[in-house]
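Encoded as structure tokens, the structure appears first; notes follow it.
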Amino acid sequence: MDAFLKKAESVLGTAKVKELKREAYVAAQIKTKRKELGWSQQQLADRTGLQKSTIGRIEAGLNSPTIETVGLIAEELDMDIMIPGKKEKV
2 MDAFLKKAES
12 VLGTAKVKEL
22 KREAYVAAQI
32 KTKRKELGWS
42 QQQLADRTGL
52 QKSTIGRIEA
62 GLNSPTIETV
72 GLIAEELDMD
82 IMIPGKKEKV
């Protein structure tokens with residue numbers, strides 16, 4: 002995976018790769034909590050008023066949700082969502 006990330010950084014830039022990693026971290030938290038609750042993507046969509054496809058795309062890392070959308074999802078899942086901010090050691 003390190004080789005992949007290094008290649009991605011050379012193509013996309015370090016800032017973009019950090020952004021993608023943060024989005025993936027948020028997406029994983031949402032998906033994990035939804036599954037812990039035994040909810041389908043459709044159930045979460047119904048509770049948030051979002052489209053099922055939007056939930057799926059967020060969980061797959063294909064959408065960059067706004068902070069408002071993340072907050073809405075977090076509220077329905079009754080959870081805090083963490084965004085990593087520690088500097089990575091080189």
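Numbering (the numbering used here), first residue to last: 2 to 91.
We put the CB at the ideal spot given by N, CA and C, even for glycine.
The structure displayed is predicted, hence computed values, not measured ones.
Taking the alpha helix (DSSP H) that residue i falls in, what are its first and last residues?
i	result
aspartate 3	3–13
alanine 61	Note, alanine 61: premise wrong, no alpha helix (DSSP H); not H, not E.
glutamine 52	Glutamine 52 -> no alpha helix (DSSP H), and no H or E assigned at all.
Are there 16 or more other CB atoms within 10 angstroms of the CB of residue i, so buried, or fewer, so exposed?
i	result
alanine 29	exposed
leucine 6	exposed
proline 66	buried
threonine 55	buried
glutamine 42	buried
Could you give the DSSP three-state label for residue i: helix, strand or coil?
i	result
glycine 72	helix
isoleucine 82	coil
lysine 34	helix
lysine 19	helix
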